[in-house]
Amino acid sequence: MVTRKRSRDSSEKENWDAIFKNMVQIIRKKDDQLESLFKRWKILEDGIKKQQETWVSDVHNYKLQLSLMEKENETLEMMRLFEIAKFNLLLGLKERDCFNSKDKLEHLQKDLDDFKAWFDIFTMDTNEGNSDSGDEDCKSLEDKIRKQKLEFEKLAFGKSSEFTTLLQENGFAWSQFKGIESGFTDKLLRKDKEIEQLQSSNHEKDKIISRLKAEMEDNASNKDKEIARHLDEVKPLRRSPRLNRC
Numbered sequence: 005m006v007t008r009k010r011s012r013d014s015s016e017k018e019n020w021d022a023i024f025k026n027m028v029q030i031i032r033k034k035d036d037q038l039e040s041l042f043k044r045w046k047i048l049e050d051g052i053k054k055q056q057e058t059w060v061s062d063v064h065n066y067k068l069q070l071s072l073m074e075k076e077n078e079t080l081e082m083m084r085l086f087e088i089a090k091f092n093l094l095l096g097l098k099e100r101d102c103f104n105s106k107d108k109l110e111h112l113q114k115d116l117d118d119f120k121a122w123f124d125i126f127t128m129d130t131n132e133g134n135s136d137s138g139d140e141d142c143k144s145l146e147d148k149i150r151k152q153k154l155e156f157e158k159l160a161f162g163k164s165s166e167f168t169t170l171l172q173e174n175g176f177a178w179s180q181f182k183g184i185e186s187g188f189t190d191k192l193l194r195k196d197k198e199i200e201q202l203q204s205s206n207h208e209k210d211k212i213i214s215r216l217k218a219e220m221e222d223n224a225s226n227k228d229k230e231i232a233r234h235l236d237e238v239k240p241l242r243r244s245p246r247l248n249r250c
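So for the sequence shown, this note's numbering puts the first residue at 5; every next one is plus one.
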């Protein structure tokens, strides 16, 4: 009877020892799993934080670049307005010169026409009033009149050339201005396009940062749930009377 009892006690002890060993192995396995889980989450969290810091730095740099480009655009716009104002001033002066030259040319042409008409009448009267032998004084007067006529024609031609030159200068100045304005406009359009691209890139960066933050929060929440689940699984094992006695 005593032998059976001892045998049963020995068998029960062996069973408890086996159970204890299994529990210890389970606890160690769970602890290893928890430690591995902590390491994985730590690596993931560090990676997400590093990526987020990189994105934040990029966004800051982009915003700084945007600010500089906007200031550059403002400077270009001011330069464009200044060039327009300067051109308008020069154009006004040129137009005034053209108007004055045109007015002088018209008066000179009128005087020349009057002089030609008077000269023709005078020549006709002289030819009719003089004999075939001619008059030296009349010839001398005719020579002076012809000389005056040539001088008037030269002066008219010079004024006409001056007026044509002014018109050409105005055309050239206008062409130069259009080229300058076109250059400023192209620069402003390119800068506006670059700003739009940077703003679009910033918007994408902000969306990615928000998504990374949400993922990190979800991962942290899942990590806490996973750890809590493992702890719940380990708690009953650690509360075992057999383990407490050991």
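Beta carbons are placed, not taken as given, at the ideal position from N, Cα and C, and that holds for glycine.
Predicted, not measured: the structure shown is a model, and the values here were computed from it.
From residue i to residue j, what distance separates their C-alpha atoms?
i      : j      : result
Gln180 : Ser186 : 10 angstroms
His111 : Asn104 : 11 angstroms
Ser15  : Ile31  : 24 angstroms
Gln172 : Lys106 : 14 angstroms
Lys54  : Arg215 : 14 angstroms
Glu57  : Met83  : 39 angstroms
Ile33  : Ala218 : Checking the displayed sequence, the identity of residue 33 turns out to be Lys instead of Ile. Rounded to whole angstroms, Lys33 to Ala218 spans 31 angstroms at the Cα level.
Phe91  : Leu85  : 10 angstroms
Phe188 : Lys211 : 34 angstroms
Ser40  : Trp59  : 29 angstroms
Glu49  : Asp21  : 41 angstroms
Leu68  : Ser61  : 11 angstroms
Glu18  : Gln29  : 16 angstroms
Gln37  : Met27  : 15 angstroms
Arg44  : Ser204 : 34 angstroms
Asp101 : Asp190 : 33 angstroms
Glu99  : Asp117 : 26 angstroms
Asn226 : Ile47  : 15 angstroms
Lys95  : Thr168 : Sequence check: residue 95 is Leu here, not Lys. C-alpha separation (whole angstroms): 15 angstroms.
Arg150 : Lys158 : 12 angstroms
Tell me which same chain residues have a C-beta within less than 8 angstroms of the C-beta of residue i, skipping the five on either side of it?
i      : result
Ile199 : Leu70, Met73, Glu74 and Asn77
Lys195 : Met73, Glu76, Asn77 and Leu80
Nearest chain B C-beta to residue i closer than 8 angstroms, yes or no?
i     : result
Ile30 : Among the protein chains of the structure shown there is no chain B, as only one such chain exists.
Return the chain-ordered list of same chain residues with a C-beta closer than 7 angstroms to the C-beta of residue i, the five sequence neighbours on each side being excluded.
i      : result
Ile184 : Glu87
According to the Cβ coordinates, are residue i and residue j closer than 8 angstroms?
i     : j      : result
Tyr66 : Leu202 : yes
Looking only at its chain, what residues have a beta carbon closer than 6 angstroms to the beta carbon of residue i, apart from the 5 residues adjacent to it on each side?
i      : result
Phe176 : none
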